[in-house]
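*Asks:* I'd like to ask you about the structure that follows.
Numbering (mature numbering (1 follows the signal peptide of the UniProt record, and there is no 0)), first residue to last: -24 to -1, 1 to 114.
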(Lines of atoms letter the chains of each structure in order from A and count residues from 1; the text may use other names and numbers.)
(Lines give C-alpha, C1' and ligand atoms only; values in the text may rest on other atoms or scores of the structure.)
Protein backbone atom coordinates (compact mmCIF):
# COMPACT_ATOMS: atom_id res chain seq x y z
CA UNK A 1 0.00 0.00 0.00
CA UNK A 2 2.81 2.42 0.88
CA UNK A 3 4.45 1.72 -2.47
CA UNK A 4 1.21 2.54 -4.30
CA UNK A 5 0.82 5.80 -2.36
CA UNK A 6 4.44 6.75 -3.06
CA UNK A 7 3.99 6.10 -6.77
CA UNK A 8 0.74 8.11 -6.78
CA UNK A 9 2.45 11.03 -5.03
CA UNK A 10 5.31 11.01 -7.54
CA UNK A 11 2.86 10.82 -10.45
CA UNK A 12 0.86 13.75 -9.09
CA UNK A 13 4.01 15.85 -8.68
CA UNK A 14 5.15 14.97 -12.20
CA UNK A 15 1.74 15.84 -13.63
CA UNK A 16 1.90 19.25 -12.01
CA UNK A 17 5.34 19.92 -13.49
CA UNK A 18 4.54 18.55 -16.95
CA UNK A 19 1.26 20.37 -17.43
CA UNK A 20 3.10 23.69 -17.33
CA UNK A 21 0.51 25.50 -15.29
CA UNK A 22 1.03 29.19 -14.70
CA UNK A 23 1.41 30.71 -11.29
CA UNK A 24 0.44 34.30 -10.64
CA UNK A 25 3.44 36.49 -9.98
CA UNK A 26 3.71 39.67 -8.00
CA UNK A 27 3.42 42.86 -10.02
CA UNK A 28 6.72 44.74 -9.60
CA UNK A 29 4.96 48.09 -10.09
CA UNK A 30 2.23 47.34 -7.54
CA UNK A 31 2.88 44.32 -5.28
CA UNK A 32 -0.60 44.58 -3.75
CA UNK A 33 -2.45 44.23 -7.07
CA UNK A 34 -4.93 41.35 -7.17
CA UNK A 35 -6.43 39.44 -10.04
CA UNK A 36 -9.88 40.54 -11.19
CA UNK A 37 -12.02 38.34 -13.36
CA UNK A 38 -11.11 34.97 -14.77
CA UNK A 39 -7.97 33.82 -16.53
CA UNK A 40 -7.99 33.63 -20.33
CA UNK A 41 -5.90 31.05 -22.16
CA UNK A 42 -3.88 31.53 -25.33
CA UNK A 43 -4.40 28.32 -27.30
CA UNK A 44 -2.86 26.70 -30.35
CA UNK A 45 -5.58 24.23 -31.25
CA UNK A 46 -6.18 22.34 -28.02
CA UNK A 47 -2.73 23.11 -26.60
CA UNK A 48 -2.48 25.82 -23.96
CA UNK A 49 0.32 28.25 -24.77
CA UNK A 50 -0.08 31.01 -22.19
CA UNK A 51 -2.31 32.52 -19.51
CA UNK A 52 -3.63 36.09 -19.62
CA UNK A 53 -4.89 37.82 -16.48
CA UNK A 54 -6.14 41.25 -15.42
CA UNK A 55 -5.13 42.84 -12.13
CA UNK A 56 -6.22 45.95 -10.24
CA UNK A 57 -4.27 47.76 -7.57
CA UNK A 58 -2.62 51.06 -6.68
CA UNK A 59 -5.47 52.86 -8.46
CA UNK A 60 -4.65 51.24 -11.83
CA UNK A 61 -5.34 48.20 -14.01
CA UNK A 62 -2.63 45.86 -15.31
CA UNK A 63 -2.54 42.96 -17.74
CA UNK A 64 -0.24 39.97 -17.40
CA UNK A 65 0.78 37.16 -19.74
CA UNK A 66 2.74 34.04 -18.85
CA UNK A 67 3.91 31.40 -21.35
CA UNK A 68 3.60 27.89 -19.98
CA UNK A 69 6.73 25.82 -19.41
CA UNK A 70 5.24 23.00 -21.48
CA UNK A 71 4.98 25.28 -24.55
CA UNK A 72 8.57 26.46 -24.16
CA UNK A 73 9.77 22.85 -23.72
CA UNK A 74 8.17 21.80 -27.01
CA UNK A 75 8.52 25.01 -29.06
CA UNK A 76 11.48 26.91 -27.62
CA UNK A 77 11.68 30.62 -26.94
CA UNK A 78 11.31 31.94 -30.47
CA UNK A 79 8.46 34.30 -29.58
CA UNK A 80 7.73 37.82 -28.39
CA UNK A 81 5.05 38.71 -25.82
CA UNK A 82 2.82 41.77 -25.95
CA UNK A 83 0.15 42.77 -23.46
CA UNK A 84 -2.12 45.69 -22.65
CA UNK A 85 -5.40 46.74 -21.09
CA UNK A 86 -8.19 47.23 -23.60
CA UNK A 87 -11.20 49.53 -23.22
CA UNK A 88 -14.13 50.28 -25.51
CA UNK A 89 -13.99 50.85 -28.44
CA UNK A 90 -10.78 48.78 -28.70
CA UNK A 91 -8.52 51.40 -27.11
CA UNK A 92 -5.12 50.29 -25.81
CA UNK A 93 -3.64 51.28 -22.43
CA UNK A 94 -0.30 50.35 -20.86
CA UNK A 95 0.94 48.54 -23.98
CA UNK A 96 4.19 46.62 -23.47
CA UNK A 97 6.34 44.39 -25.67
CA UNK A 98 8.71 41.89 -24.09
CA UNK A 99 12.18 40.79 -25.11
CA UNK A 100 12.46 37.81 -27.47
CA UNK A 101 11.87 34.63 -25.45
CA UNK A 102 10.71 36.43 -22.30
CA UNK A 103 8.35 34.08 -20.44
CA UNK A 104 6.17 36.62 -18.64
CA UNK A 105 5.23 40.25 -19.12
CA UNK A 106 3.25 42.89 -17.22
CA UNK A 107 1.61 45.81 -18.96
CA UNK A 108 2.21 49.34 -17.87
CA UNK A 109 -0.21 50.92 -15.42
CA UNK A 110 -3.53 51.83 -17.02
CA UNK A 111 -5.62 54.61 -15.51
CA UNK A 112 -8.85 52.78 -16.35
CA UNK A 113 -10.57 51.86 -13.08
CA UNK A 114 -13.61 53.96 -14.01
CA UNK A 115 -14.32 52.17 -17.32
CA UNK A 116 -14.90 48.61 -18.53
CA UNK A 117 -11.63 46.79 -19.23
CA UNK A 118 -10.14 43.50 -20.33
CA UNK A 119 -6.58 42.18 -20.47
CA UNK A 120 -5.16 41.33 -23.89
CA UNK A 121 -2.08 39.14 -24.36
CA UNK A 122 -0.23 38.00 -27.48
CA UNK A 123 2.40 35.36 -28.22
CA UNK A 124 4.04 36.21 -31.55
CA UNK A 125 6.28 33.43 -32.86
CA UNK A 126 8.17 33.17 -36.13
CA UNK A 127 5.51 30.79 -37.50
CA UNK A 128 2.47 31.67 -35.39
CA UNK A 129 0.56 34.59 -33.87
CA UNK A 130 -1.72 33.71 -30.97
CA UNK A 131 -3.67 35.85 -28.51
CA UNK A 132 -6.36 35.83 -25.86
CA UNK A 133 -8.46 38.39 -24.02
CA UNK A 134 -10.04 38.11 -20.61
CA UNK A 135 -13.72 38.77 -20.16
CA UNK A 136 -14.67 42.40 -19.71
CA UNK A 137 -14.78 43.78 -16.16
CA UNK A 138 -16.87 46.86 -15.33
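The beta carbon of each residue, even a glycine, is placed where N, CA and C say it ideally should be.
Cα separation between residue 25 and residue 40?
*Replies:* Whole-angstrom Cα-Cα distance: 14 Å.
*Asks:* State the Cα-Cα distance for the pair residue 81 and residue 73, rounded to the nearest angstrom.
*Replies:* Taking the straight line from one Cα to the other gives about 8 Å.
*Asks:* If you drop the 5 nearest sequence neighbours on each side, which residues of the same chain put their C-beta closer than 8 Å to that of residue 16?
*Replies:* Taken in chain order, the residues that qualify are 27, 28, 29, 95, 97, 108, 109, 110, 111.
*Asks:* How many Å lie between residue 18 and residue 91 at the Cα?
*Replies:* Roughly 24 Å between the two C-alpha positions.
*Asks:* Could you work out which residue in 13, 93, 35 is closest to residue 65 when comparing CA atoms only?
*Replies:* Ranking the options by Cα distance to residue 65, first place goes to 93.
*Asks:* Taking the alpha carbon of residue 69 as the reference point, which residue from 8, 104, 85 has its own alpha carbon closest?
*Replies:* For residue 69, the nearest C-alpha among the options comes from 85.
*Asks:* Please classify residue 76 as buried or exposed, where buried requires at least 16 neighbouring CB atoms within 10 angstroms.
*Replies:* Exposed: under 16 other Cβ atoms inside 10 Å.
*Asks:* Between the alpha carbons of residue 46 and residue 100, how many angstroms are there, rounded?
*Replies:* Their Cα atoms are separated by approximately 17 Å.
*Asks:* Helix, strand or coil, according to DSSP, for residue 49 in the structure here?
*Replies:* Of the three classes helix, strand and coil, the one that applies to residue 49 here is helix, per DSSP.
*Asks:* Helix, strand or coil: how does DSSP classify residue 22 here?
*Replies:* DSSP places residue 22 in coil when its eight states are reduced to three.
*Asks:* Determine the DSSP secondary structure at residue 2, reduced to helix, strand or coil.
*Replies:* The answer is coil: DSSP assigns residue 2 none of H, G, I, E or B.
*Asks:* Pull the bridge partners of residue 43 from the DSSP assignment, please.
*Replies:* According to DSSP, residue 43 bridges with 26.
*Asks:* For residue 63, which residues from the same chain have a beta carbon less than 6 Å from its beta carbon, with the 5 sequence-adjacent residues on both sides left out?
*Replies:* Hits under 6 Å: 88, 91, 93.
*Asks:* So who's on the other strand from residue 99, going by DSSP bridges?
*Replies:* Answer is 57, 106.
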